[in-house]
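In full-length UniProt numbering, the protein residues as written are 1 to 212.
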């Protein structure tokens, strides 16, 4: 319903553009309604415009933008889209290449992995990936994965760490959290291989919890 995209847009002011994709039409409608309520409640800060689809198959888009402050502070944009993020007309190849971060907060069927991995492989070095799937054991393409385990350490002087497993609170696992995996594209360091504990992914935890 666009919650993660909206939270990132509101909390991370350095993000100039956020794209959220929803496959379900009812969930997309809820997300659009939320953006419209926000713009109505804070008209001095935000404006919203939604494109109406001409058919059930057409791609819908809704844009929430900040009120521009001139050349020194161009508007920031949150764009919600209805459709399949694997399709070029929904998310273009150039948008994958321009991405600084990709969030895959969804459980993928096995036959979708090659298609998903081909698209996220368009990301340039430095792009960060937050995923419910452990790519170390779920990579299906012949070409090596460009994504290596990565996370930012804690403390006053955090450093990059070659680890990727961590627990995050979710609406369906608020108490104990769900295992997610963080990676960063880095083709200079060679192929990514499976690490300790890589046999259990957040997807499998979710399936054990009765959710697909």
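Cβ coordinates follow ideal geometry from the N, Cα and C atoms, glycine included.
Short of 7 Å from the beta carbon of residue 92, and not among the five residues preceding or following it, lies no beta carbon of its own chain.
Per the coordinates, the alpha-carbon of residue 167 lies some 38 Å from the alpha-carbon of residue 52. Three or more Cβ pairs closer than 8 Å define a contact, and the stretch 142 to 152 meets that threshold against the stretch 112 to 125. With respect to the C-alpha of residue 89, the residue from 5, 21, 185, 10 having the closest C-alpha is 21. Counting along the chain, the unbroken beta strand (DSSP E) around residue 128 starts and ends at 128 to 131. Taken through DSSP and simplified to helix, strand or coil, residue 98 comes out as helix. Taking residue 174 as the centre and dropping the five residues before and after it, the same chain places no C-beta closer than 8 Å to its C-beta. For residue 149, the three-state secondary structure derived from DSSP is strand.
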